[in-house]
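> Residue numbers (my numbering), protein chains in the order written: chain A, 1002 to 1154; chain B, 1002 to 1154; chain C, 1002 to 1154; chain D, 1002 to 1154.
For every residue, glycine included, the Cβ atom is placed at its ideal position computed from N, Cα and C.
Structure (structure tokens):
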């Protein structure tokens, strides 16, 4: 696991497990969202602040790769970073680790829209700058993943 | 199981099971809601219609009694009836059956409020009448349950 | 809010909200479970340890009273205590507070069973004693709630 | 929407919506699973039958593309097909339609394992044949999507 400066902790809830005895595959998207919101809170004044500027964001795509199952009560760290940010679109990358081992990864693609008109709206310059500072690296390059970046379609 | 004229079918989803191999205890409240909404659709023009009249409803209390566990892929019938309706408040009673056997029951208590002011608002007379017709029996009496009705506190 | 010595913190997840803009009524049972498990971890060697003794527990009943809605990102404290413990049965009481104000309360009733035979099994004496020490008060009395205790039916 | 012979209906539950007023992004994976299980029931004796043969399957990857939001009470059809089936691996493709319009699509990749050893196990010949008959077309080709097939990595 490299390239992540931010992470947040979750513990697998009993309600998140299924009859196979593992965390259900849909729950990872909930964990990704928790990490994304925590990231924005730490680096960009928070998602509530973003909404107060009259912006809203929508999830366009999600991808999860499950490598090892997670079990009840596991302590997991959900790492998140903004992998791309261009115009009205941005992509978050994630890694889920347990005791330092990556057990899952994935990404979500988003569009920033005007909350009233729902039209795509350029990400505010100060938010983009805050994220660039947080990442400490140029954005816009594909992540080191076997999959192409989702934003160019 | 007696006294229910209405029911709706659900099938236990794999995502609703937990690591004990049974439907998670919180899911029953989701099933109750599905039955409640289906009941209102059949008997009262539907929940969306209710909201269009400028009303909203809130859940005040919920109670579930789990008698037998439910498993993945079980076909369940969620029976619902309005057990009490007085002023701004109403209570739904539920029974969950599998092949005719009751595996759970419960009730939820609700308040009807003005969607704008959020102040308690008398249930519209025509909705109350439609429910009385649907039930075919006087409302306002406590159900045949070992617990007192929740509306009088 | 009085009489609770234990509590655990949750933050309302976006995925836990519904189209009314509040935490869905079923989610409270998930929070209760989180508090129950954390309580057992702190006071009784943990739920995993309990299962290793060959015991399992089932939820028999649940009750929630919703006083004030909870919103996305709210920091909540879920207080839990064992309100009754007798033979194979026990009851947990809960209060949900936000900034010190109680926004919900409830209880869940449970049975302790042998994991193999699923027959009701007396709660182990050392676990019962650990809980009595944790609570610092005699158990077995009904809580100061307007409803009767659920275990005597 | 072309190329799907199978579909199953879901109705958006209130509990599946979030504070943006739309179905939460994680719920699509639950719907995909419902369609996958219904597909196996119709075409391959069912998932329970599969498990009785001593096999189990795990989700390796999931992908969702959200095109239009889904709202409370929407009637959706979840189309599913086996897009690839090779050795121990298979991939399901999905499209979510509302009134004939595609509002989302996606795929999930799976591995078939021995339930005891958890080692990858070739999909039984009769199951593979049943699926080939169900699809009526050769499998193993990439779907007509802008993304590469997930099984070759």
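Hey, how far is the Cα of residue 1069 of chain C from the Cα of residue 1104 of chain C?
About 5 Å.
> Could you check if residue 1082 of chain B is buried or exposed, using at least 16 other CB atoms within 10 Å of its CB as the buried criterion?
The residue is buried, with at least 16 neighbouring Cβ atoms inside 10 Å.
> Helix or strand or just coil, what does DSSP make of residue 1134 of chain B?
It is helical.
> Below 8 Å on the Cβ atoms is my contact criterion, and I expect residue 1006 of chain B with residue 1136 of chain B to pass it. Report the Cβ-Cβ distance as a whole number of Å.
Their Cβ separation, rounded to whole angstroms, is 7 Å, which keeps residue 1006 of chain B and residue 1136 of chain B in contact under 8 Å.
> Taking CB distances under 8 Å as the criterion, tell me whether residue 1091 of chain C reaches chain D.
Not an interface residue.
> Suppose only complete runs of 3+ residues qualify. What are the beta strand (DSSP E) ranges in the segment 1020 to 1097 of chain C, listed by chain order?
Runs found: 1056 to 1067, 1076 to 1087.
> Residue 1035 of chain C versus chain A: which residues are under 9 Å apart at the beta carbon?
Within 9 Å Cβ-Cβ: 1012, 1014, 1015, 1016.
> Count the CB pairs spanning the segment 1106 to 1119 of chain A and the segment 1054 to 1066 of chain A that are closer than 8 Å, and state whether there are at least three.
Contact holds: three or more Cβ-Cβ distances are below 8 Å.
> Out of D:1121, D:1126, D:1079, D:1128, which one is the CA nearest neighbour of residue 1010 of chain D?
The shortest Cα separation from residue 1010 of chain D among D:1121, D:1126, D:1079, D:1128 belongs to D:1079.
> Could you compute how far the alpha carbon of residue 1059 of chain C sits from the alpha carbon of residue 1124 of chain C?
About 13 Å.
> Going by Cα to Cα distance, which pick from A:1126, A:1061, A:1095 is closest to residue 1004 of chain A?
The candidate whose alpha carbon is nearest that of residue 1004 of chain A is A:1095.
> How many angstroms separate the CA atom of residue 1051 of chain C from the CA atom of residue 1112 of chain B?
Spanning the two alpha carbons is a distance of roughly 41 Å.
> On a Cα-Cα basis, can you pick out the residue from D:1022, D:1027, D:1045, D:1036 that is closest to residue 1133 of chain D?
Residue 1133 of chain D has its Cα closest to that of D:1045, out of D:1022, D:1027, D:1045, D:1036.
> Does chain D have any CB closer than 8 Å to the CB of residue 1064 of chain A?
Chain D, which has a Cβ nearer than 8 Å to the Cβ of residue 1064 of chain A, makes this yes.
> Taking C-alpha atoms, which residue in B:1116, B:1089, B:1026 lies nearest to residue 1126 of chain B?
Nearest C-alpha to residue 1126 of chain B: B:1089.
> Which first and last residues belong to the beta strand (DSSP E) in which residue 1016 of chain C is found?
Unbroken run through residue 1016 of chain C: none, as it is neither H nor E.
> Tell me the DSSP secondary structure of residue 1102 of chain D in three-state form.
Strand at residue 1102 of chain D.
> Taking its Cβ as the centre, do 16 or more other Cβ atoms sit within 10 Å of residue 1118 of chain C, making it buried, or is it exposed?
Under this definition residue 1118 of chain C is an exposed residue.
> So who's on the other strand from residue 1118 of chain A, going by DSSP bridges?
Paired residue(s): none; residue 1118 of chain A is not in a bridge.
> Going by the beta-carbon positions, is the gap between residue 1020 of chain D and residue 1073 of chain C smaller than 8 Å?
Taking 8 Å as the Cβ cut-off, residue 1020 of chain D and residue 1073 of chain C qualify as a contacting pair.
> Whole angstroms are fine: how far does the CA of residue 1116 of chain D sit from the CA of residue 1101 of chain D?
Looking at the two C-alpha atoms, the distance is approximately 39 Å.
> So, does the CB of residue 1058 of chain A fall closer than 8 Å to a CB anywhere in chain B?
Residue 1058 of chain A does not count as touching chain B.
> In chain order, what residues of the same chain lie with their CB nearer than 8 Å to the CB of residue 1053 of chain B, ignoring the 5 residues before and after it?
Answer for residue 1053 of chain B: no residue qualifies.
> Excluding the 5 residues preceding and the 5 following residue 1040 of chain A in the sequence, name in chain order all residues of the same chain whose CB lies nearer than 7 Å to its CB.
Cβ within range, chain order: 1007, 1081.
> Suppose you measure from the CA of residue 1084 of chain B to the CA of residue 1036 of chain D; what does that come to, to the nearest Å?
The straight-line gap from Cα to Cα measures roughly 36 Å.
> Can you confirm whether residue 1132 of chain A, when its beta carbon is compared against all beta carbons of chain C, has any partner nearer than 8 Å?
Not one chain C Cβ lies under 8 Å of residue 1132 of chain A.
> Taking only the alpha-carbon atoms, compute the straight-line gap between residue 1056 of chain C and residue 1061 of chain A and give it to the nearest angstrom.
Using only the alpha carbons, I get a separation of about 45 Å.
> So with CB distances below 8 Å, who are the chain C contacts of residue 1031 of chain A?
The answer, in chain order, is 1014, 1016.
> Kindly indicate which residue of A:1028, A:1026, A:1034, A:1091 has the alpha-carbon position closest to the one of residue 1121 of chain A.
The shortest Cα separation from residue 1121 of chain A among A:1028, A:1026, A:1034, A:1091 belongs to A:1091.
> How many angstroms separate the CA atom of residue 1077 of chain B from the CA atom of residue 1030 of chain B?
Looking at the two C-alpha atoms, the distance is approximately 14 Å.
> Note down, in chain order, every chain C residue with its Cβ under 8 Å from the Cβ of residue 1095 of chain B.
The contacting residues do not exist; residue 1095 of chain B stays about 13 Å from chain C at best.
> Cβ of residue 1061 of chain D less than 8 Å from any chain A Cβ?
For residue 1061 of chain D, the answer is yes, since a Cβ of chain A falls inside 8 Å of its Cβ.
> With 16 other CB atoms within 10 Å as the buried threshold, where does residue 1130 of chain B fall?
Result: exposed.
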